[in-house]
Each structure stands twice: as C-alpha cells, then as structure tokens.
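K.L.:
Okay, here's the structure, questions in a sec.
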Amino acid sequence: MDISYILNELGEDRSQYFNAVVPPIIQTSNFAFNSFADLRSAYRDEMSTYVYSRGINPTVDILRRKLAALDGAEDALVFNSGASAIYCAVMANVRSGDHIVSVQRPYIWAARLFDNVLPRFGVLTTYVDGTLVENIEKALRPETRIIYLESPNTLTYELQDLAAVAELARARGILTIIDNSYCTPLYQKPHALGIDLSLQSATKYIGGHSDTLAGVLTGPKALLKKIFDEQLLNTGSHIPPFDAWLLLRGLRTLPMRLERVSQTTRQVVKYLKQHPKIERVLYPFDEDFPQRELARQQMNGAGGLLTILLKADSHAQIERFTFALHCFLVAVSWGGHESLILPQAGGMDPADFDPAVERHRLARLYIGLEDADYLIRDLEQALEVL
Ligand SMILES: *Cc1c(COP(=O)(O)O)cnc(C)c1O
1 MDISYILNEL GEDRSQYFNA VVPPIIQTSN FAFNSFADLR SAYRDEMSTY VYSRGINPTV
61 DILRRKLAAL DGAEDALVFN SGASAIYCAV MANVRSGDHI VSVQRPYIWA ARLFDNVLPR
121 FGVLTTYVDG TLVENIEKAL RPETRIIYLE SPNTLTYELQ DLAAVAELAR ARGILTIIDN
181 SYCTPLYQKP HALGIDLSLQ SATKYIGGHS DTLAGVLTGP KALLKKIFDE QLLNTGSHIP
241 PFDAWLLLRG LRTLPMRLER VSQTTRQVVK YLKQHPKIER VLYPFDEDFP QRELARQQMN
301 GAGGLLTILL KADSHAQIER FTFALHCFLV AVSWGGHESL ILPQAGGMDP ADFDPAVERH
361 RLARLYIGLE DADYLIRDLE QALEVL
C-alpha cells in the first residue's frame with residue numbers, strides 16, 4: 001500500500017460527513033442502539049462496535065486503520081500515552097510466576113513497571129545487553145513469557161538484531177514486544193522482521209507538534225483483542241477523540257517532517273563531530289557508530305535524536321553550556337517542531353557528578369524543524385562558553 005494512500009485516504013469516507021475534507025471529531029461518550037439484537041452483539045465485541053468511547057470511537061477508528069497499515073499489521077490500538085501502551089501490552093500477557101527478559105535501561109516507565117509493579121504480582125525481569133542476541137538467549141528460562149526490546153533506545157541508541165531475536169522467541173513460544181518510538185513505522189517495520197507487538201509513543205513524531213500525548217500498539221488482531229478487553233477497557237487508557245484528530249493531522253505531514261529532521265540532524269552531527277570540545281557523537285547512522293551496519297540493515301532512516309559526550313570537568317560547566325543555548329529548549333520528550341537538549345547532568349545532584357564517568361557528560365539533543373545553520377550557529381556560540 002502506498003504511504004500517500006494510507007495518509008491521505010485510507011479509513012476516510014467523506015460521504016459519511018458532508019464531504020468534509022477533514023474527518024470530524026466525534027465527541028461523544030456513548031452510542032445509541034436500535035434493537036436488542038444489536039445491543040447484544042455489541043456487548044460481545046466492543047473492539048469492532050461503537051458502544052462507548054472508552055472502547056472505540058469513529059475518529060479513533062480512522063486513525064487505527066492508518067496506523068495498522070503503516071506498520072503492515074493486522075490491527076492497531078491507540079492509547080492515551082506511550083506509557084499506557086507499554087503497561088497494557090505487558091500486563092495482558094503475564095501472570096504470577098512468569099519471567100520477562102528486557103533490554104537494559106529501557107524507557108523509564110517500562111523499567112518502573114518491571115521493577116516496581118510486576119514483582120508485587122510475582123513477575124520478575126532480567127535485564128540484558130541486547131546488542132548480542134546470545135545475551136538474550138542466555139537469560140531465557142522455561143517460564144520466560146516476554147522478550148521486551150527497544151531498538152534503538154533514545155539515549156545511546158543500542159540496537160537489537162530484530163529478525164534474530166524474533167526467530168529465537170518464536171521457536172520457544174515467547175512473545176516479543178518492541179518499543180519502536182525512535183523509528184516510527186516509516187523508518188523500521190518490526191512486524192516484517194517477525195516481532196509480535198510493536199508500540200510507539202505517538203506523542204513524539206506522529207503528533208509531531210508537542211501538543212498531545214498518545215501511544216500506539218500494532219500487531220495481530222487476536223493479541224490486540226486480548227489487550228483491549230483485559231487492559232485498555234479496564235484502565236480507561238483510550239485516546240480521546242480530539243487527541244486522535246490531532247494525530248490524524250500529524251500523520252499528514254509525518255514523512256516530510258521526518259525527512260527534514262533527519263537531513264538537518266546529519267548536518268548537525270557532521271558539525272559536532274569535528275568540534276574540539278566534543279569527545280564523541282552518538283548517532284545510529286554515523287560511520288563511527290558501533291552498530292552502524294545493523295542500523296542500515298534493519299532501519300530505513302535515523303531521526304532527530306543524537307547524543308554528545310562533552311569534554312567537561314564540572315557540573316557547572318555543563319549547566320553553563322546548556323543555558324547558553326538560545327534555540328534549544330531544555331526539556332524532556334522529543335519529536336516536535338522545536339529543538340531540545342537534555343544533559344544527563346541536569347538530573348543529577350552536582351555532588352554526584354564525576355567527569356570520569358562518561359554517562360555523566362552525555363547530553364541528548366533533539367533536532368526539530370528549524371534550519372540547520374540556525375541551530376549550528378547557536379551550538380557554536382554555546383560551545384565557546386563550555
Ligand atoms: C516518550 C517515550 C515513551 C512514552 O511515551 P509517552 O507518550 O510519553 O507516554 C516510550 N518510549 C520511548 C522510547 C519514549 O521516548
């Protein structure tokens with residue numbers, strides 16, 4: 001299916017809404033029935049019938065069709081955040097006594113689910129360095145139920161060989177879940193490589209304007225139905241119709257925004273790599289990136305995140321550099337129109353800062369939609385301060 005068709009036509013039936021070019025926001029909590037027979041059949045399958053907007057809703061359904069097609073998946077669910085997509089996908093698939101193998105340092109709220117919530121219900125997680133498939137294989141136990149992946153991650157960009165992990169998991173009946181937020185389906189299609197469930201924070205590139213929170217989960221209908229019935233409905237994690245509408249709007253320009261961001265990022269990486277105050281630049285498509293070959297093999301592109309290792313001796317020096325920037329906001333998240341910076345030191349007590357620990361000197365940059373020259377000039381003057 002052409003991406004242009006998916007983004008401009010699929011799931012839209014304009015004759016249903018006055019030939020309006022843009023789909024309506026169906027802002028309703030519930031839907032009325034004309035017969036008991038209709039009501040009974042609706043109760044049996046709330047994932048494909050309009051009953052109540054905690055389940056599905058027509059505006060959300062247009063989005064589901066498009067997101068499933070983009071991922072080459074049977075179906076898609078949309079949540080009110082990426083974190084709730086993670087929570088529901090995992091919770092619906094474990095029971096007491098089960099074991100999870102996860103890549104080390106996954107997204108923080110995945111880690112908190114594994115570390116703080118699941119152990120109370122008898123589900124334990126082993127973290128491994130996922131850059132080697134053998135590490136994942138060695139951590140498997142008879143009771144391993146889920147392999148949780150994030151490729152690349154969003155600070156140091158370690159990848160997993162998705163086809164190899166999928167093969168390993170399939171042979172043992174283990175469910176694979178990937179956080180694909182970094183790539184979006186445009187730059188990586190996990191289902192084509194054999195991964196069962198793919199999720200992403202739609203707050204990032206799909207929303208694209210830093211004005212809404214959402215999460216997407218794609219995969220086989222039967223798996224999603226279980227997650228929908230057991231978790232999405234129970235936790236009330238549905239996306240509201242207006243937010244779904246904002247994501248539909250974001251999708252129209254997703255390919256252009258990603259292309260722009262990735263082009264600008266390559267220019268910024270090139271500039272930063274030759275700068276004497278920067279020890280190293282981490283970026284998955286860079287020729288010096290350790291897993292560049294795997295990145296080129298399983299990804300179609302690299303987005304707007306990159307991480308710099310600063311030559312700095314003190315916490316104060318990193319803070320001075322950070323706030324000398326005028327065009328980069330200091331903020332979490334990414335994927336919007338605005339460029340951002342998030343130094344590791346920012347979240348640390350200055351007394352704990354140790355320049356000998358490389359991680360303390362890392363700063364993640366997100367490159368937004370601004371011009372490359374504009375951003376590079378800003379970095380230039382701030383690095384002088386450093
Ligand atoms: C932001 C993010 C999430 C969580 O998404 P929210 O929409 O903020 O809940 C999950 N994974 C990654 C990699 C993220 O960057």
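For reference, each letter of the sequence shown is one residue, going 1 to 386 in the numbering used here. Think of the CB as a built atom: it goes at the ideal place given N, C-alpha and C, for glycine as much as any other residue. Since the model is a prediction, treat every value here as computed from it, not as a measurement.
For glutamate 150, report the span of its beta strand (DSSP E) as first-last.
P.N.:
144 to 150
K.L.:
Is the Cβ-Cβ distance between isoleucine 308 and alanine 345 less than 8 Å?
P.N.:
no
K.L.:
Touch check for the stretch 242 to 253 and the stretch 205 to 221: three-plus C-beta pairs under 8 Å?
P.N.:
yes
K.L.:
Which residues does DSSP pair with tyrosine 127 in a beta bridge?
P.N.:
Ser102
K.L.:
Flag alanine 169 as yes when its Cβ comes closer than 7 Å to any non-hydrogen atom of ligand 1, and as no otherwise.
P.N.:
Relative to ligand 1, the beta carbon of alanine 169 is positioned no closer than 7 Å to any heavy atom.
K.L.:
If you count every other CB in all the chains shown that lies within 10 Å of the CB of asparagine 30, and 16 or more means buried, which is it?
P.N.:
exposed
K.L.:
Along the chain, where does the alpha helix (DSSP H) containing threonine 176 start, and where does it finish?
P.N.:
Run containing threonine 176: none in the alpha helix (DSSP H); it sits in the beta strand (DSSP E), 175 to 179.
K.L.:
For the beta strand (DSSP E) containing phenylalanine 79, list its first residue and its last residue.
P.N.:
75 to 79
K.L.:
Would you please state the rounded distance, in angstroms, between the beta carbons of leucine 272 and valine 281? I believe it to be under 8 Å.
P.N.:
5 Å
K.L.:
For a quick check, are the C-beta atoms of alanine 37 and isoleucine 227 less than 8 Å apart?
P.N.:
no
K.L.:
Measuring from the CB of glycine 173, is there a heavy atom of ligand 1 at a distance below 7 Å?
P.N.:
Result no, Cβ not under 7 Å from ligand 1.
K.L.:
At which residue ranges does the stretch 172 to 245 contain complete beta strand (DSSP E) runs of 3 or more residues, listed in the order of the chain?
P.N.:
175 to 179, 197 to 201, 215 to 219
K.L.:
When the distance is taken between beta carbons, is aspartate 179 closer than 8 Å to glutamate 158?
P.N.:
no
K.L.:
Under the DSSP definition of a beta bridge, which residues are partnered with arginine 280?
P.N.:
Leu309
K.L.:
For alanine 390, which residues in the same chain have their Cβ closer than 7 Å to its Cβ, ignoring the five residues on either side in sequence?
P.N.:
Nothing in the structure corresponds to residue 390, since the chain is present only between 1 and 386.
K.L.:
Please list the terminal residues of the continuous beta strand (DSSP E) segment that includes proline 343.
P.N.:
340 to 343
K.L.:
Does the distance from the CB of alanine 83 to the CB of glycine 219 come in under 8 Å?
P.N.:
Not closer than 8 Å, so no.
K.L.:
Counting only runs that start and end within the stretch 312 to 383, where is the beta strand (DSSP E) found for 3 or more residues in a row?
P.N.:
Entirely contained in the stretch 312 to 383, the beta strand (DSSP E) runs reaching 3 residues are, in chain order, 340 to 343, 362 to 366.
K.L.:
The alpha helix (DSSP H) spanning aspartate 38 covers which residue range?
P.N.:
36 to 44
K.L.:
Anyone know if the C-beta pair for isoleucine 237 and cysteine 88 falls short of 8 Å?
P.N.:
In the sequence as displayed, the identity of residue 237 is serine instead of isoleucine. Yes, the pair counts as a contact, with Cβ atoms nearer than the cut-off.
K.L.:
Does the beta-carbon of aspartate 286 have 16 or more other beta-carbons within 10 angstroms, so that it is buried, or is it exposed?
P.N.:
buried
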